[in-house]
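Participant: Okay, handing you the structure first.
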Amino acid sequence: MKCSPFSLLTDGSNDTGLEKMNPLTVKIFDVNTGRVESRFLDMCATMGTDSATAASIFQKIDDVLSLYGISWRKRVGFGVDDTNVNLGSRNSIMTRVKQRSPSCYFMGCPCHLIHNITCKASEAFCDTSKFSLEDMRVDTYYYFDKSTKRKSLSVEFADFLNVESCQVIEHVNTRWLSLETAVRRNLDMYPALKSYSRSNTESNTRFKRLKQEFADPMRENASLEDVEFFLKNYPTVLPTTAGETHLLQEEFVEYRLLSNEDIPKKVWGAAQIKLSNEENEEKSSSSFRMDVIWGYLSSLKLGNGSHKFGGISSVAKTVLILPHSNAGEERVFSLIRILIRKNKTAFRPSLQVNCTLASLLTIKMANKESPFETPTDLLSSAKKATWN
Numbered sequence: 001m002k003c004s005p006f007s008l009l010t011d012g013s014n015d016t017g018l019e020k021m022n023p024l025t026v027k028i029f030d031v032n033t034g035r036v037e038s039r040f041l042d043m044c045a046t047m048g049t050d051s052a053t054a055a056s057i058f059q060k061i062d063d064v065l066s067l068y069g070i071s072w073r074k075r076v077g078f079g080v081d082d083t084n085v086n087l088g089s090r091n092s093i094m095t096r097v098k099q100r101s102p103s104c105y106f107m108g109c110p111c112h113l114i115h116n117i118t119c120k121a122s123e124a125f126c127d128t129s130k131f132s133l134e135d136m137r138v139d140t141y142y143y144f145d146k147s148t149k150r151k152s153l154s155v156e157f158a159d160f161l162n163v164e165s166c167q168v169i170e171h172v173n174t175r176w177l178s179l180e181t182a183v184r185r186n187l188d189m190y191p192a193l194k195s196y197s198r199s200n201t202e203s204n205t206r207f208k209r210l211k212q213e214f215a216d217p218m219r220e221n222a223s224l225e226d227v228e229f230f231l232k233n234y235p236t237v238l239p240t241t242a243g244e245t246h247l248l249q250e251e252f253v254e255y256r257l258l259s260n261e262d263i264p265k266k267v268w269g270a271a272q273i274k275l276s277n278e279e280n281e282e283k284s285s286s287s288f289r290m291d292v293i294w295g296y297l298s299s300l301k302l303g304n305g306s307h308k309f310g311g312i313s314s315v316a317k318t319v320l321i322l323p324h325s326n327a328g329e330e331r332v333f334s335l336i337r338i339l340i341r342k343n344k345t346a347f348r349p350s351l352q353v354n355c356t357l358a359s360l361l362t363i364k365m366a367n368k369e370s371p372f373e374t375p376t377d378l379l380s381s382a383k384k385a386t387w388n
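Residue numbers (full-length UniProt numbering): 1 to 388.
As structure tokens, this is what we get:
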């Protein structure tokens, strides 16, 4: 650290002890391992009524660096969370560090920002659906916690359904990174937990809530009310007459009676997207493209020649084409950059946006990569013909 560039990272504890912990870690390229490594440097504990102020925390960090003879000049970055104490424009750790090292790059925590955004979206979803994922997680954990009988019964249900039995993980709001792990564990145990709740009857308040959650079809499948929502909002593209709506209801019931075995394996194979886990191949999972599944369902016909799921498939396809991000547009810009770099030569310094570039984009995005490879002699002849 005395002769190589490094970054510092710190975060403050939120406990109620007399000392406030501000663990300081350093991020540096280790020449011994040939990798970027993170190492703990000091706890930087502060005390007193001003222990949480920017002045106290910065002074402690400065003292630690002075103790080890480390100069501020080598520091290139500083990682903190997004609070005024850390990133305030007037009286913060950032302003004090900038006085010592003006070029130091400060990085707030994008994970916290994403979490805050997600929380707002989750609250809106909860208000609309009347379903709180976090509340369900808390109820599940505390219902099984400290009850050997309930845990044993859940294991029996898991064994009966050929589901791997896993311990229910606690989720604490202040440890928000635990939510994903807890939810994944719930999903792994979902068939067993659902069967458990349906097969038992208790007066326990938590159990009653869980029974309602697992019994509500909205948690796993769409309801007819969900279908009707799209009918009302898109009357110009979906069936709206009384006869069509009645037929749609019949199709919906027929669709709910379908099982995975009713769809051919080759369709599932075409829809499958494998998600590999490089660290543990056994934990690799798969998801399925529902557009492929609904493409198959929409092609099924009855004996009279009419489509078996004509109406309900129209609703599904409408839902599937609704935009959920701007990733598609970003791919276009990425493709533009690739095309410009690939086609920009000394004889063709630029591409006309509304002509050549637009045509290349149209062809590129409308067709998958062709297995056909242009013969070398043909390319050579084409270049010679256009050289002059």
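All C-beta atoms in this analysis are idealised placements derived from N, C-alpha and C, irrespective of residue type, glycine included.
Go ahead and pull the three-state DSSP assignment for M218.
Facilitator: The residue given as residue 218 occupies position 218 in the sequence shown. Because M218 sits at a pLDDT of 46, beneath the cut-off of 50, its placement in the model cannot be relied upon, and the following sentence gives the value as read from the coordinates. It is helical.
Participant: Where do the N-terminal and C-terminal ends of the beta strand (DSSP E) with Q311 fall, by residue?
Facilitator: Taking the sequence shown and counting its residues from 1, one reaches residue 311 at position 311. Residue identity check: residue 311 is Gly in the sequence provided, not Gln. First-last for G311: 310-320, but that is the alpha helix (DSSP H), not the beta strand (DSSP E).
Participant: Does the Cβ-Cβ distance between G69 and K2 come in under 8 Å?
Facilitator: The sequence position of residue 69 within the sequence shown is 69, counting from 1. The sequence position of residue 2 within the sequence shown is 2, counting from 1. Cβ distance < 8 Å, so G69 and K2 count as in contact.
Participant: Answer with buried or exposed for K383, where buried requires no fewer than 16 other C-beta atoms within 10 angstroms of its C-beta.
Facilitator: Reading the sequence shown from its first residue, position 383 is the one you call residue 383. Per the 10 Å Cβ criterion, exposed.
Participant: Would you please state the rounded distance, in angstroms, between the beta carbons of R206 and Y143? I believe it to be under 8 Å.
Facilitator: Here residue 206 refers to the residue found at position 206 when the sequence shown is read from its first residue. Here residue 143 refers to the residue found at position 143 when the sequence shown is read from its first residue. Between Y143 and R206 the Cβ distance is about 4 Å, and since that is below 8 Å, they are a contact.
Participant: Just to confirm the assignment, what range does the alpha helix (DSSP H) spanning S92 have?
Facilitator: For this step, residue 92 is matched to residue 92 along the sequence shown. Premise fails: S92 is in no alpha helix (DSSP H) and is neither H nor E.
Participant: State yes or no: is the C-beta of L224 within less than 8 Å of the C-beta of F230?
Facilitator: Within the sequence shown, residue 224 is the residue found at index 224, counting from 1. Within the sequence shown, residue 230 is the residue found at index 230, counting from 1. Cβ distance not < 8 Å, so L224 and F230 don't count as in contact.
Participant: Which same chain residues end up closer than 6 Å to K274 when comparing Cβ atoms and leaving out the 5 residues on each side of it in sequence?
Facilitator: The residue given as residue 274 occupies position 274 in the sequence shown. Excluding sequence neighbours, K274 sits near S286.
Participant: Assess contact between the stretch 121-130 and the stretch 89-105, defined as three or more Cβ pairs (one per stretch) separated by less than 8 Å. Is contact present?
Facilitator: The stretch 121-130 is not in contact with the stretch 89-105.
Participant: Alpha carbon to alpha carbon, how far is W294 from F252?
Facilitator: Here residue 294 is taken as the residue at index 294 of the sequence shown, counted from 1. Here residue 252 is taken as the residue at index 252 of the sequence shown, counted from 1. Rounded to the nearest angstrom, the two C-alpha atoms are 13 Å apart.
Participant: May I ask which residues mark the beginning and end of the alpha helix (DSSP H) holding R198?
Facilitator: Here the question's residue 198 lines up with position 198 in the sequence shown. That run of the alpha helix (DSSP H) goes 190-199.
Participant: Would you kindly report the start and end of the unbroken beta strand (DSSP E) that includes E37?
Facilitator: By one-based count along the sequence shown, residue 37 stands at place 37. Its beta strand (DSSP E) spans residues 35-42.
Participant: Do you know whose CA, among P110, L247, F78, lies nearest S306's CA?
Facilitator: Translated into positions along the sequence shown, residue 306 becomes position 306. Of the candidates P110, L247, F78, the one whose C-alpha sits nearest the C-alpha of S306 is L247.
Participant: Less than 8 Å between the beta carbons of D291 and L322, yes or no?
Facilitator: Residue 291 sits at position 291 when you count from the first residue of the sequence shown. Residue 322 sits at position 322 when you count from the first residue of the sequence shown. Not a contact, by the Cβ cut-off of 8 Å.
Participant: Find the nearest neighbour of Y141 within the set L161, E156, C166, L113, judged by alpha-carbon distance.
Facilitator: Stepping through the sequence shown from its first residue, residue 141 is reached at position 141. Cα-wise, what sits closest to Y141 is C166.
Participant: Please state whether the Cβ-Cβ distance between S154 and A182 is less than 8 Å.
Facilitator: Within the sequence shown, numbered from 1, the residue matching residue 154 stands at position 154. Within the sequence shown, numbered from 1, the residue matching residue 182 stands at position 182. Cβ atoms of S154 and A182: not closer than 8 Å.
Participant: If you drop the 5 nearest sequence neighbours on each side, which residues of the same chain put their C-beta closer than 7 Å to that of S41?
Facilitator: The sequence position of residue 41 within the sequence shown is 41, counting from 1. Position check: residue 41 holds Leu in this sequence, whereas Ser was assumed. So the qualifying residues of the chain are L24, T25, V26, V64.
Participant: Helix, strand or coil for F58, going by three-state DSSP, please let me know.
Facilitator: Locating residue 58 in the sequence shown gives position 58, where the first residue counts as 1. Correct three-state label for F58: helix.
Participant: Quick one: Cα of N91 to Cα of T128, how far?
Facilitator: As a first step, residue 91 must be located in the sequence shown, where it is residue number 91. As a first step, residue 128 must be located in the sequence shown, where it is residue number 128. Computed Cα separation, rounded: 41 Å.
Participant: Could you check what DSSP says for T53 in three-state terms: helix, strand or coil?
Facilitator: The residue given as residue 53 occupies position 53 in the sequence shown. T53: coil per DSSP, three-state reduction.
Participant: Taking the straight line between their C-alpha atoms, what separation do you get for S259 and H115?
Facilitator: Reading the sequence shown from its first residue, position 259 is the one you call residue 259. Reading the sequence shown from its first residue, position 115 is the one you call residue 115. If you take the alpha carbons of S259 and H115, they lie about 36 Å apart.
Participant: In three-state terms, what does DSSP make of residue 419?
Facilitator: No answer is possible for residue 419: it lies beyond the span of the chain, which begins at 1 and ends at 388.
Participant: Rounding to the nearest angstrom, what Cα-Cα distance links T240 and D226 in this structure?
Facilitator: As a working mapping, residue 240 is identified with position 240 in the sequence shown. As a working mapping, residue 226 is identified with position 226 in the sequence shown. So the two alpha carbons sit approximately 15 Å from each other.
Participant: Please list the segments of the beta strand (DSSP E) lying wholly inside the stretch 70-149, counting only runs of 3 or more residues, in order along the chain.
Facilitator: Segments of the beta strand (DSSP E) lying fully in the stretch 70-149: 75-79, 105-107.
Participant: When the distance is taken between beta carbons, is S51 closer than 8 Å to K20?
Facilitator: Counted from its first residue, the sequence shown places residue 20 at position 20. Counted from its first residue, the sequence shown places residue 51 at position 51. For K20 and S51, yes; Cβs fall inside 8 Å.
Participant: Measure from the alpha carbon of F78 to the alpha carbon of each residue in A270, L8, L187, then state which is nearest.
Facilitator: Here residue 78 refers to the residue found at position 78 of the sequence shown. Answer by Cα proximity: L8.
Participant: Check each candidate in R198, K317, E213, D82 and name the one with the smallest Cα separation from L113.
Facilitator: Counting from one through the sequence shown, the residue named residue 113 turns up at place 113. The candidate whose alpha carbon is nearest that of L113 is D82.
Participant: Can you give the Cα-Cα distance for P349 and A385, rounded to whole angstroms?
Facilitator: Here the question's residue 349 lines up with position 349 in the sequence shown. Here the question's residue 385 lines up with position 385 in the sequence shown. For P349, the predicted structure reports a pLDDT of 49, less than 50, and the residue's modelled location is therefore unreliable. A value from the coordinates is still provided. P349 and A385: Cα-Cα distance of roughly 19 Å.
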